[in-house]
Structures are given as C-alpha cells and as structure tokens.
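Read through the structure below, which is laid out as structure tokens, and then see the notes.
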Amino acid sequence: MPNRIGLIASGAVSQSFVARLPFVRDRLGPVYSPALRNASRIVNGLRIGIPVSEFVALSRCGMVLIAVPDDLLEATVSAAAAESEARWQRKIVVLCGSAFDAGALDPLQKLGAYCVTLDAVPASGEARFVTDGDPAAVAELRRLFGRSNLFVLDRGGKAAYQAGILLATDLALEMTAGAVESLRTAGLSRPQAVPVVEALMTQTARAYGKAGRRAATGMPSAEILAYYAKAIRDRDPALARLFERALALYTEK
Numbered sequence: 251m252p253n254r255i256g257l258i259a260s261g262a263v264s265q266s267f268v269a270r271l272p273f274v275r276d277r278l279g280p281v282y283s284p285a286l287r288n289a290s291r292i293v294n295g296l297r298i299g300i301p302v303s304e305f306v307a308l309s310r311c312g313m314v315l316i317a318v319p320d321d322l323l324e325a326t327v328s329a330a331a332a333e334s335e336a337r338w339q340r341k342i343v344v345l346c347g348s349a350f351d352a353g354a355l356d357p358l359q360k361l362g363a364y365c366v367t368l369d370a371v372p373a374s375g376e377a378r379f380v381t382d383g384d385p386a387a388v389a390e391l392r393r394l395f396g397r398s399n400l401f402v403l404d405r406g407g408k409a410a411y412q413a414g415i416l417l418a419t420d421l422a423l424e425m426t427a428g429a430v431e432s433l434r435t436a437g438l439s440r441p442q443a444v445p446v447v448e449a450l451m452t453q454t455a456r457a458y459g460k461a462g463r464r465a466a467t468g469m470p471s472a473e474i475l476a477y478y479a480k481a482i483r484d485r486d487p488a489l490a491r492l493f494e495r496a497l498a499l500y501t502e503k
C-alpha cells in the first residue's frame, strides 16, 4: 500500500488535531479543496503538503483523511465518490473530528474503500483517540497509535459516545452551574461556593469510578425534597426547574 497520505480539507484544519499527528507531518502529500486557492491556504497553514483541486490527485495515496465541517461532509463525500478517475479501492479513508460515524462514508465504502472515523478524546491532551469503522482500517490506526492509545467503538456506537461527552461537558456544566448558584442563593459568595462544588463533584466522580451507582449516599425523603424545591422556587424559579429536572432523572433511572 502506498505510504503517502492525502487530505480532503476545508476550514481551519491547521488548528485541529489532524495538523499535529506525527504520521501526517511525515507523510502528507496532496491536500484537496475544491478551489486551488483554498487548498493553498490550507497547505500554508499546515506548512506541509501539495495543494490540489482534483480528487484524482489522491489516487496514489494509501490513506486519505477527511477534515471538513459536518455541514459540508455529505456533499464532499458525494463529490469524491462521483470522481470516476479517483481510485478508492482498498484505500483507507479516515473521517476526522466529525459528529458522524463511519456510515457517513458509505459512498466511498461502496467503491471499495476501508472507512473509519478518528476523534481525539477530550481532556487527554491528544494522547488518546477513538475510532469506529472497517476492521482493516482500525487495524492500521492501531498500528499508528498503539493499542492502548486508540479506543475502538462498537459499530453504530459513536452517537452514544458523543452523547456521553456532552453529558460530561456542556450538560454537566449546567448541573455544576446549578449547584454553585444554589449555594450562592443560600448566601455563599462565588469564591466560597465554587471550591465546595468542585470538591463534591470530584469526590462523586471518583466514587462512581470505584463503585458505580452504589456510591450514591442516599437521597432525602420525598417530603424533604419537596420542601427544598419550594424554597428554591420562591427565590429562583429557573433554578428550581433545574433542580426538579435533575430529581426526575434520578428517580427515573
């Protein structure tokens, strides 16, 4: 299989993890964008690669990375698959930094490509990555990253993975903000409230890691919870709604 890597790109690729992958820095050849000036801009940002505006220029690459915004992905893949002179048979195609799973590359898979996704695990310092897709392509990524640095998702499991990341970040942020604001509503200052919540959430995460849901310390009675909700509602209705939604999640599990 040819050693050269190709890149289909759009947007600020130089700021993504793709630009920092050692094997990309060592082996990058043609960089495709529909307009040659855009390909040249990407190459200048990466400081490596050869700008091209035809998919056929990728034919001699053993691996092709796709790093485009998700709203351009379907059109990009369709255009690549429609290029009659481009050769996709047995080529590894890697969708990078996308919300979609390897199924988004089906038009190329039908032409014989081995398709996978690749994403950096948040908060890992780009030391760990996740992938899903064709076993042959996964095996090649494992060779490049090492088995311990690459987590393989179940087929069709990427949506659940992305949901888990949101639950641990943006959605958890709402709960964190609610906890801090509850303490502030009680009279603590923000500098007093934040360390308390931070310590409790860290403790909760560690306890879950050891014992799962068995680590729960036990909830107050329904009467006490109703009393809390009413008291908060009188002070901050929006905060009370967040508290009640969180309680509903707890009781429904």
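Each residue of the sequence shown is one higher than the one before, starting from 251 at the first, in this note's numbering. Cβ atoms here follow ideal geometry from the backbone N, Cα and C, with glycine treated the same way.
Limits of the unbroken alpha helix (DSSP H) element including residue i
i      : result
THR326 : 320-332
ILE415 : 408-418
ILE474 : 472-485
Whole-number beta carbon distance between residue j and residue i, since they are thought to touch under 8 Å
i      : j      : result
VAL344 : ILE316 : 7 Å
VAL306 : GLU324 : Going by Cβ atoms, the distance from VAL306 to GLU324 rounds to 21 Å, so no, they are not a contact pair.
SER260 : LEU322 : 6 Å
Residue interval of the beta strand (DSSP E) (run including residue i)
i      : result
VAL388 : Looking at the DSSP string, VAL388 is not in any beta strand (DSSP E); the run it does join, the alpha helix (DSSP H), is 385-395.
VAL402 : 400-402
VAL263 : Looking at the DSSP string, VAL263 is not in any beta strand (DSSP E), and its letter there is neither H nor E.
Whether residue i touches residue j by CB criterion (8 Å)
i      : j      : result
TYR364 : ASP384 : yes
VAL263 : GLY295 : yes
MET451 : THR426 : yes
LEU403 : LEU368 : no
VAL302 : ALA285 : no
Alpha-carbon spacing of residue i relative to residue j, whole angstroms
i      : j      : result
MET251 : LEU394 : Low local confidence applies: a pLDDT of 43 at MET251 is under 50, so the model's placement there is unreliable, with the coordinate-based value given in what follows. Roughly 15 Å separates the two Cα atoms.
THR435 : ARG485 : 7 Å
GLY396 : LEU271 : 13 Å
GLN339 : GLY312 : 10 Å
ALA476 : PHE350 : 41 Å
ALA418 : ILE482 : 25 Å
GLY445 : GLY406 : The question names Gly, but residue 445 is Pro in the sequence shown. Using only the alpha carbons, I get a separation of about 39 Å.
Sequence-distant residues of the same chain with beta carbon closer than 6 Å to residue i, five excluded per side
i      : result
PRO319 : GLY261
ALA370 : PHE267, GLU376, PHE379
LYS408 : ASP351, ASP382
Contacting residues, own chain, Cβ-Cβ under 7 Å from residue i (five flanking each side not counted)
i      : result
ILE298 : ARG275, LEU278
ARG254 : ARG277, GLY279, ARG310, CYS311, GLY312
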